[in-house]
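J.:
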Amino acid sequence: MKLKALLLSLMTLTTFSATATNDLTGTVSEMSIRSDKLNNDHIIYFRLNAHSTHSTFAKCVVKGASIVWELDLKSPVFQQQYDLLMRSYSEQLPVRVIGQDNVCNTHDTSSDQVFELSPINWNDLLAKPENSIENDMTN
Numbered sequence: 007m008k009l010k011a012l013l014l015s016l017m018t019l020t021t022f023s024a025t026a027t028n029d030l031t032g033t034v035s036e037m038s039i040r041s042d043k044l045n046n047d048h049i050i051y052f053r054l055n056a057h058s059t060h061s062t063f064a065k066c067v068v069k070g071a072s073i074v075w076e077l078d079l080k081s082p083v084f085q086q087q088y089d090l091l092m093r094s095y096s097e098q099l100p101v102r103v104i105g106q107d108n109v110c111n112t113h114d115t116s117s118d119q120v121f122e123l124s125p126i127n128w129n130d131l132l133a134k135p136e137n138s139i140e141n142d143m144t145n
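For the sequence shown, this note's numbering begins at 7 and goes up steadily by one.
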């Protein structure tokens, strides 16, 4: 009986940790870039028009749909993330953003850092214009 209670408790904890992160699907609605050389304050952040049926928010998030996402400028995949976000913003293509799992460790929040970023429809994002292969071969 104690084993069942222990297993049930363990399942409850793992279920909580799986939903403790922000996991949003939507299109980029706002991009902001700040650079202050004097204070070494450089940041790129964005907001999504979140699709409520495909988005979950951590319990500590103050205003779910208006959460501000921050990119890690030192990440080795920063340029790819930035390009993906700019394409989502300019062409209104959907992306999925998953936040850090420790976002609620300090207090209620209105922002999160990107842990994972991916396009929803790879075909739309990766498609090249027609004849692009022919153009590449002739140039």
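Glycine is no exception: its CB is placed at the ideal position from the N, C-alpha and C atoms.
Being a predicted model, the structure only gives us computed values, none of them experimental.
Which word fits S96, buried or exposed, when buried means at least 16 other C-beta atoms lie within 10 angstroms of its C-beta?
T.: exposed
J.: Considering only DSSP beta bridges, list what A56 is partnered with.
T.: G32
J.: Would you kindly report the start and end of the unbroken beta strand (DSSP E) that includes S124?
T.: S117 to P125
J.: What are the residues that DSSP puts in a beta bridge with T62?
T.: D29
J.: Can you grab the Cα-Cα spacing for the pair R40 / T33, in whole Å?
T.: In this structure, the alpha-carbon of R40 lies about 21 angstroms from that of T33.
J.: For the candidate residues L123, S35 and L44, whose alpha-carbon lies nearest to that of Q85?
T.: Looking only at L123, S35 and L44, the smallest Cα-Cα distance to Q85 is reached by L123.
J.: Do A64 and D118 have their beta-carbon atoms positioned less than 9 angstroms apart in this structure?
T.: yes
J.: In three-state terms, what does DSSP make of D42?
T.: Looking at D42 - three-state DSSP - the assignment turns out to be strand.
J.: Whose CA, out of K43, C110, D42 and K69, lies closest to the CA of L54?
T.: K69
J.: Which residue or residues does DSSP assign as beta-bridge partners of M37?
T.: F52
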